[in-house]
Amino acid sequence: MEEEVARIYPTDKIKSPTHLSIGQEAVAVGVCEALRSTDVVFGTYRSHACYLAKGGDLKKMIAELYGKATGCAKGKGGSMHLIDVRAGVMGTSAVVGTTIPHAVGYAYAMRLRRKDTVVASFFGDGAIDEGVFHESMNFAGLRKLPIIFVCENNSYAIHSHQLARQPASNIVERARTYLIPAERVEDNDVLRIYDLVKAATDEIRSGQSGPRFFECMTYRWKEHVGPNEDFDKGYRSISEAQAWFENDQLKRLENLLEPQVRERIVAEVEVEIEQAFEFAESSPFPAEEELYTDMFGEAAQWTAS
Amino acid sequence: MDRILTYAEAIREATVQEMTRDPSVIVLGLGVDDFKALYGTTRELQDEFGPERVFDTPLSEDGMTGVAIGAALAGLRPIHVHIRMDFVLLAMNQIVNMAAKARYMYGGAVSVPIVIRSVIGRSWGQGAQHSQALHALFMHIPGLRVVAPGSPYDAKGCLIQSIRDDNPVMFIEHRMLHPQRGHVPAELYTVPFGKARVLVRGSDITLVGVSYMAVECLRAQRYLDEVGISAEVIDPISLSPLDTDTIVASVRKTGRLVVVDTGWTMCGASAEILAQVAERLQGVPHIRWQRIGFAPVTCPTTKNLENLFYPNAQTIASAAFGMVHDNQKPWAPQHKEAPEIVEFKGPF
Numbered sequence: 004m005e006e007e008v009a010r011i012y013p014t015d016k017i018k019s020p021t022h023l024s025i026g027q028e029a030v031a032v033g034v035c036e037a038l039r040s041t042d043v044v045f046g047t048y049r050s051h052a053c054y055l056a057k058g059g060d061l062k063k064m065i066a067e068l069y070g071k072a073t074g075c076a077k078g079k080g081g082s083m084h085l086i087d088v089r090a091g092v093m094g095t096s097a098v099v100g101t102t103i104p105h106a107v108g109y110a111y112a113m114r115l116r117r118k119d120t121v122v123a124s125f126f127g128d129g130a131i132d133e134g135v136f137h138e139s140m141n142f143a144g145l146r147k148l149p150i151i152f153v154c155e156n157n158s159y160a161i162h163s164h165q166l167a168r169q170p171a172s173n174i175v176e177r178a179r180t181y182l183i184p185a186e187r188v189e190d191n192d193v194l195r196i197y198d199l200v201k202a203a204t205d206e207i208r209s210g211q212s213g214p215r216f217f218e219c220m221t222y223r224w225k226e227h228v229g230p231n232e233d234f235d236k237g238y239r240s241i242s243e244a245q246a247w248f249e250n251d252q253l254k255r256l257e258n259l260l261e262p263q264v265r266e267r268i269v270a271e272v273e274v275e276i277e278q279a280f281e282f283a284e285s286s287p288f289p290a291e292e293e294l295y296t297d298m299f300g301e302a303a304q305w306t307a308s
Numbered sequence: 017m018d019r020i021l022t023y024a025e026a027i028r029e030a031t032v033q034e035m036t037r038d039p040s041v042i043v044l045g046l047g048v049d050d051f052k053a054l055y056g057t058t059r060e061l062q063d064e065f066g067p068e069r070v071f072d073t074p075l076s077e078d079g080m081t082g083v084a085i086g087a088a089l090a091g092l093r094p095i096h097v098h099i100r101m102d103f104v105l106l107a108m109n110q111i112v113n114m115a116a117k118a119r120y121m122y123g124g125a126v127s128v129p130i131v132i133r134s135v136i137g138r139s140w141g142q143g144a145q146h147s148q149a150l151h152a153l154f155m156h157i158p159g160l161r162v163v164a165p166g167s168p169y170d171a172k173g174c175l176i177q178s179i180r181d182d183n184p185v186m187f188i189e190h191r192m193l194h195p196q197r198g199h200v201p202a203e204l205y206t207v208p209f210g211k212a213r214v215l216v217r218g219s220d221i222t223l224v225g226v227s228y229m230a231v232e233c234l235r236a237q238r239y240l241d242e243v244g245i246s247a248e249v250i251d252p253i254s255l256s257p258l259d260t261d262t263i264v265a266s267v268r269k270t271g272r273l274v275v276v277d278t279g280w281t282m283c284g285a286s287a288e289i290l291a292q293v294a295e296r297l298q299g300v301p302h303i304r305w306q307r308i309g310f311a312p313v314t315c316p317t318t319k320n321l322e323n324l325f326y327p328n329a330q331t332i333a334s335a336a337f338g339m340v341h342d343n344q345k346p347w348a349p350q351h352k353e354a355p356e357i358v359e360f361k362g363p364f
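Residue numbers (our numbering), protein chains in the order written: chain A, 4 to 308; chain B, 17 to 364.
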């Protein structure tokens, strides 16, 4: 799907910043596959994979990238503000770290309402630099909330390496100081991520565990924002990326399938992608009056008692 | 029959009644469960509603605002309380980038029904970082409601309206309003947003007083009455949305407008109110305008400078008198410190 986004992007039909998650899909898939449809995820501006893995509507997502009225946010959000409440994908945000406390607050509400929903909060290694990450971890650890923190560590915040921003690569250790059990998965291993998260959600739901933290080492194949590669820009090298290319989790999963099954799935997905882009192309842009709608909700209709 | 409560009691009563009516209402904030209970506004709430619905927070204004937003996305109606508005600055990212924008940028898919209560204002040497009234910063942002009721009656009704509203509401309380007493009905009622209240009718000049300045404008009105000037006093109650109709109608009648804010005038609530009214009255001749607010400096702590920093009933009356008399003769009533300021003592 994102390869199609990358192909279309130079035509300028997608007139807004788009951050591709090619290379990082394994984390989103491993985590979301372990969640229930009623569970909820909060993501980042690089959340195409997360949105789709959690069951977000593909047509509405592509239409959103195109700025069309049929988009998941009516064209008012774009790639960085995807949402599909029905699928449990809460809004993604362009400001690093901002949705982490939302996930914590959502988990607080689930606890208060005695629901067995688990919330997953996705963020990158850049978010660890933000104060709100620590404030959120502190409160989640304090209240032992039903939440899974997922750090997608791709080593770079835009073009700045983790070790240019942090004294050591020890994100899991920081989580542990908030009494949150934390594990680091080194190699983008989609099946291991699934197993770990599945076990964690089972323990959380049965009341045996509070928050859990997973630092998933992964790699962004494309540039920070946009459809191109950027290994010639000086801040990272293609040799660094080579191991990640070879450890492609999509290929790994494909190879686990019978050839006929794989061909069928590939054919179905290609049709789905084609239809989604056709849907986006043929959908209308929002009507001019839409500029002013969705600012405020009507006051709730309560009867004074 | 009059039922008299203080402003602080009115806030507490609104909270209790709404929490009783609606189990989705929760209260969080630094100190909401301590023995001082935010000037009494949260007293015994935790005993009544339990520690899950009423809780103290870590000192994490940004994070806890995000937690409140997340809880609101999940269907709760959090009231996040800040004992000083200065501390709300630590939560600007969550308020401006998320709470205000979520509904629009997600195409109406979600609502963020949170109330952010914050205390502003003078008393007893609060100084630079314990006194700021920053409501204008929030008026600038589409997606936020900003209300600053000036009486116990409006505090109760406006807080109930804020809790029921599906949008983020900045609910601003001046510390010197907390002890003010007034009639407050026992039943639940709402005071709608976007409707100003005319507190006193008059014909010579319109005084608009924001928050605590509504009280000081009422005092100024009495001084002016003694020297033969009839002032109309308006409390806007809701700053965003703003009821310009009521103020415009008053200025059409009086031809003079003084907007008094408990904040700075530069890009402030007074500037905005005056601009909105002026736009509506273009071409109407001989209207006089003035903004009054804090001195354009950082708030000093020492008493004599603090007294000069803030507007008060005497400075308001003096400015109004000057406007009515075309600044031909200076006049000011004898300085008399407001009783709530005299009575307020620390530590607190």
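Here a beta-carbon is modelled for each residue, glycine too, at the ideal position from N, C-alpha and C. It should be emphasised that the depicted structure is a prediction, and the values quoted were computed from it without experimental measurement.
Distance CB(residue i)-CB(residue j) smaller than 9 Å
i: A/K225; j: A/A9; result: yes
i: A/T101; j: A/Y54; result: no
i: B/R180; j: B/T57; result: no
i: A/I151; j: A/I103; result: no
i: B/E248; j: B/T222; result: yes
i: B/V48; j: B/V70; result: yes
i: B/D220; j: B/I245; result: yes
i: A/G78; j: B/G123; result: yes
i: B/E353; j: B/G141; result: no
i: B/V135; j: B/I111; result: no
i: A/V92; j: A/E133; result: no
i: A/E36; j: A/A52; result: no
i: A/L148; j: A/V200; result: no
i: A/A110; j: A/G59; result: no
i: B/G66; j: B/L54; result: no
Paired residues, beta bridge with residue i - DSSP
i: A/C219; result: A/E155 and A/V188
i: B/S256; result: B/V162
i: A/A123; result: A/V44 and A/I151
i: B/I221; result: B/A247
i: B/P94; result: B/I42
i: A/E293; result: None, per the DSSP bridge assignment.
i: A/D87; result: A/V92
i: A/S50; result: Per DSSP, none; premise fails for A/S50.
i: B/Y273; result: Here residue 273 of chain B is Leu; the residue named in the question, Tyr, does not match the sequence. Answer is B/T222 and B/W305.
i: B/G198; result: B/L21
i: B/V216; result: B/V249
i: B/V131; result: B/I95 and B/V185
Three-state class that DSSP yields for residue i in the structure shown
i: B/W347; result: coil
i: B/V231; result: helix
i: A/H137; result: helix
i: B/P327; result: coil
i: B/T22; result: strand
i: B/Q292; result: helix
i: A/G100; result: coil
i: A/F282; result: helix
i: A/G94; result: coil
i: B/F71; result: strand
i: B/W305; result: strand
i: B/G362; result: coil
i: A/A160; result: strand
i: B/E189; result: strand
i: A/M4; result: coil
i: B/S167; result: coil
i: A/I183; result: coil
i: B/I136; result: strand
i: B/F310; result: coil
Near the ligand NAD: residue i beta-carbon under 8 Å from a heavy atom
i: A/G127; result: Among the components of this structure there are no ligands whatsoever, and the ligand NAD is therefore not found.
### Message
Count Cβ pairs between the segment 107-117 of chain A and the segment 74-84 of chain A that sit closer than 8 Å; are there 3 or more?
### Response
no
### Query
Taking three-plus beta-carbon pairs below 8 Å as touching, is the segment 193-209 of chain B in contact with the segment 155-169 of chain B?
yes
### Message
Assess contact between the segment 10-25 of chain A and the segment 176-186 of chain A, defined as three or more Cβ pairs (one per stretch) separated by less than 8 Å. Is contact present?
### Response
no
### Task
Assess, as a yes-or-no matter, whether the segment 69-78 of chain A is touched by the segment 180-195 of chain A under the definition of 3 or more beta carbon pairs within less than 8 Å.
no
### Query
Are at least three pairs of beta-carbons, each pair with one atom in the segment 266-282 of chain B and one in the segment 225-236 of chain B, less than 8 Å apart?
yes
### Query
Counting pairs of Cβ atoms below 8 Å between the segment 246-266 of chain B and the segment 125-143 of chain B, do you hit three or more?
no
#### Entry: At least 3 beta-carbon pairs within less than 8 Å: the segment 134-154 of chain B vs the segment 27-38 of chain B
no
### Task
Tell me, please, whether the segment 356-363 of chain B touches the segment 331-348 of chain B by the rule of three or more beta-carbon pairs shorter than 8 Å.
no
### Task
Kindly provide the ranges of any beta strand (DSSP E) runs that are 3 or more residues long and lie completely inside the segment 200-278 of chain A, ordered along the chain.
215-220
### Query
Within the chosen definition, does the segment 230-241 of chain B reach the segment 280-287 of chain B through at least 3 CB pairs nearer than 8 Å?
no
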